[in-house]
Amino acid sequence: MATDVHRPVSPAATRAAKAVHVEGLTRSFDGRAVIDDLRLGIEPGEFVALLGASGCGKSTLLRVLAGLDRDIEGTVLVPRRRAVAFQAPRLMPWKKVWRNVLLGLPGRPERAVAERALDEVGLGHRGNTWPRTLSGGEAQRASLARALVREPDLLLLDEPFGALDALTRIKAQRLVGELWQRRGCAVLLVTHDVEEAVLLADRVLVMDGGRIAHEQRIDLDRPREITDPGFAGLRAALLERLGVRTGPEAS
Ligand SMILES: Nc1ncnc2c1ncn2[C@@H]1O[C@H](COP(=O)(O)OP(=O)(O)OP(=O)(O)O)[C@@H](O)[C@H]1O
Ligand SMILES: [Mg+2]
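Counting from -3, one number per residue, gives the positions in the sequence shown under this note's numbering.
Right, here's the structure in full:
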């Protein structure tokens, strides 16, 4: 796996074996450290969900890992092949859907590459349409297809289902779970939804004070349902970490 290195200290074989290796990462805005000496490791093929209060620095961390923000201190090792999908699908309205999927890809990729990725997200029939004719869920899937054509070793997702209605969201979550299992890439999913995190992730991280303040391994069998034994306990423990009390005393 090719690796991009920002400001390396001393590359070691153990670090190279990780999909993500972050050490001593600090990112400040106007003298305020939003990310403060953060450490993070993600294994190849691991699905990690990142929770944390609004404004705690989740998107900032994702942007750093995506290579969109290099104004940092510390070490960040990430695979060269990585892709990002944001909460808003960010499709160019003047380009057909299939052209949006190929946008920014190096070389002159053939339309069939886009069509295959669109097929994978259930949009094989919509490649030749305009983005404005897509529903919110379809646009989000097109955005996922755009990430997939990059054949990422690391897929970075920033609240990709945040704007979807409940039913579409459940379908999109299932789709991401299937794509991850098929592709075998590492995933870092930023979400506000604790259930989504427990449904999908191998490990859930909670960010606070500019660092990863807590981590929870999720050992439930897949495919998971929120009715599984063990699910409620994990959900409650994570909500408590996020400062949300559950149970009869909460109201
Ligand atoms: N370009 C910037 N200039 C100044 N401050 C910024 C910039 N980008 C982010 N910040 C600040 O950094 C903090 C963290 O922002 P970030 O977007 O990473 O939070 P977040 O955890 O993703 O929040 P949310 O859950 O609401 O999306 C916020 O206080 C934000 O105002
Ligand atoms: Mg954010």
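The C-beta atom is built at its ideal place from N, Cα and C for all residues, glycine as well.
All values derive from a computational prediction rather than experimental measurement.
Same chain, Cβ closer than 6 Å to residue i, five either side skipped, listed in chain order
i    : result
L235 : V190 and T242
W94  : R107, A110 and G123
A62  : V80 and L152
The alpha helix (DSSP H) enclosing residue i, as first and last residue numbers
i    : result
A49  : Careful: A49 lies outside any alpha helix (DSSP H) and carries neither H nor E.
E155 : Looking at the DSSP string, E155 is not in any alpha helix (DSSP H), and its letter there is neither H nor E.
E192 : V190 to L196
Whole-angstrom distance between residue j and residue i, CA atom to CA atom
i    : j    : result
V5   : V109 : Caution applies to V5, whose pLDDT of 41 falls short of 50 and renders its modelled position unreliable; the model cannot decide the point.
H121 : F43  : 29 Å
G133 : E111 : 18 Å
A193 : E155 : 11 Å
P40  : A15  : 5 Å
D32  : T129 : 43 Å
V54  : L34  : The question names Val, but residue 54 is Lys in the sequence shown. Answer to the nearest angstrom: the Cα atoms are 12 Å apart.
Three-state secondary structure (DSSP) of residue i
i    : result
R220 : coil
R179 : helix
A81  : strand
E42  : coil
V18  : strand
S24  : strand
Neighbourhood of residue i by C-beta, 8 Å cutoff - its chain only, sequence neighbours within 5 removed
i    : result
A135 : P85, L87 and P127
D65  : R23, T56 and R59
Opening and closing residue of the beta strand (DSSP E) in which residue i lies
i    : result
V117 : Run containing V117: none; DSSP gives neither H nor E here.
T71  : E69 to P75
Would you be able to state if there are at least three C-beta pairs under 8 Å between the region 36 to 48 and the region 175 to 191?
-> The answer is yes - the region 36 to 48 touches the region 175 to 191, with three or more Cβ pairs under 8 Å.
Does the count of Cβ pairs from the region 92 to 100 and the region 65 to 74 closer than 8 Å reach three?
-> The region 92 to 100, when compared against the region 65 to 74, does not touch it at the 8 Å Cβ threshold.
Examine the Cβ distances between the region 199 to 212 and the region 164 to 176 and report whether three or more of them are shorter than 8 Å.
-> Per the Cβ contact rule, the region 199 to 212 is not in contact with the region 164 to 176 (fewer than 3 Cβ pairs under 8 Å).
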